[in-house]
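A.B. asks:
In the working numbering, the protein residues as written are 10 to 373.
#1: Work out the CA separation of residue 11 and residue 65 for me, nearest whole Å.
#2: To test your reading of the DSSP string, which unbroken beta strand (DSSP E) runs of 3 or more residues are found completely within the segment 12-51?
#3: May I ask which residues mark the beginning and end of the beta strand (DSSP E) holding residue 291?
#4: Using 8 Å as the threshold, is the C-beta distance between residue 262 and residue 232 below it?
#5: Quickly, what does DSSP pair residue 346 with across the bridge? List them, please.
#6: For residue 194, which of 51, 77, 175 and 168 has the nearest alpha-carbon?
#7: Along the chain, where does the alpha helix (DSSP H) containing residue 234 start, and where does it finish?
#8: Closest to residue 310 by C-alpha separation, out of 27, 212, 119 and 51, would be which residue?
#9: With a 10 Å radius around its C-beta and 16 neighbouring C-beta atoms as the bar for buried, classify residue 276 as buried or exposed.
#10: Determine which residues share a DSSP beta bridge with residue 351 and list them.
#11: Under 8 Å by Cβ, that's how I've got residue 148 and residue 141 pegged, so tell me the actual separation to the nearest angstrom.
#12: As a quick exercise: from 264, 269, 274 and 314, pick the residue whose alpha carbon is nearest that of residue 287.
#13: Just the C-alpha distance for residue 248 and residue 85, rounded to the nearest angstrom, thanks.
#14: Tell me, to the nearest whole angstrom, how far the beta carbon of residue 177 is from that of residue 116; I am working on the premise that it is less than 8 Å.
#15: Output yes or no for whether 8 Å exceeds the beta carbon distance between residue 184 and residue 245.
#16: In the structure shown, what three-state DSSP assignment does residue 316 receive?
#17: Looking only at its own chain, which residues have a Cβ that is under 7 Å from the Cβ of residue 14, when we skip the five neighbours before and after it?
#18: Who are the Cβ neighbours of residue 243 in its own chain at under 6 Å, not counting the five residues just before and after it?
#19: Please state the DSSP three-state secondary structure of residue 356.
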């Protein structure tokens, strides 16, 4: 902290330190620094959003942006005199799939367009640079796409990301791509004899034994995510074959689930979804209508596991969905106002365009 004050001056350092979580005794917890390398030191991490910082310091966002730019420039000049750390700057399809999910869900809950834009940019980049004409995903990108074909986790995590992204922006292109990817994943990795997905293709070079991952550790296993994806896709297309495939995936890991369930928490989520009644929430209205947005905010304000959320926009999106789910063809606004339909197994309760009434339906 003393070094930052010395470089920036007291006034600028006060702002910088508040935003970047700088503390007098260092901000690194002892438990995460077993060698004591960062004792008394600070690892810079943005702890305060710019909008919140502007309120706290009673400044405009523009003033703060200018001040922070200048502070970072000064600190960078000091840091430039030190040895640079190694930088791993490759872009991995699977990790971006997880990121798309996180940002898409954040956009839903926090109603923040910045999160949605980040998720959309990532999906667009993968489609343009890591998706071949043969419908194959590639594993990673660094100064160009690699020639390594995607693994099961690349497909599973990206499909999940696209399903979550659809529920944030309701672009059916995400759903179409998710179905394409699931079809290709089935061709490349599905074990037709025993169920579940192998991690690599049968013709992967230098692989002596094809394994099926089941451990949900720092990253979930592709089988756990794939089982949940299949259950969600089954509802969107009313495809019982996907539900059956999800059940076979879960059955393939029944022994592990029985012996060590805490090692497979994400697969337990998929198991729970397979046992629950399918629940659909359909909002009928234009994406840009204020009434539609109000109903969506109400939906996103509730934790509703094992649901799918669909938009009947009266246009191309509803037409595409209606070809796969017949009941969606007749879903429409009520009295010219956007309406919400809460359904179980595609049997819907009376629709409402009242957010308060919708809250009651969702709370049951």
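Quick reminder that beta carbons are idealized off the backbone N, C-alpha and C, glycines included.
C.D. replies: Taking the geometry as given:
#1: 23 Å
#2: none
#3: 288-293
#4: yes
#5: 343
#6: 168
#7: 231-246
#8: 119
#9: buried
#10: 290
#11: Not confirmed; about 12 Å, so no contact.
#12: 314
#13: 55 Å
#14: 5 Å
#15: yes
#16: strand
#17: 22
#18: 251 and 252
#19: strand
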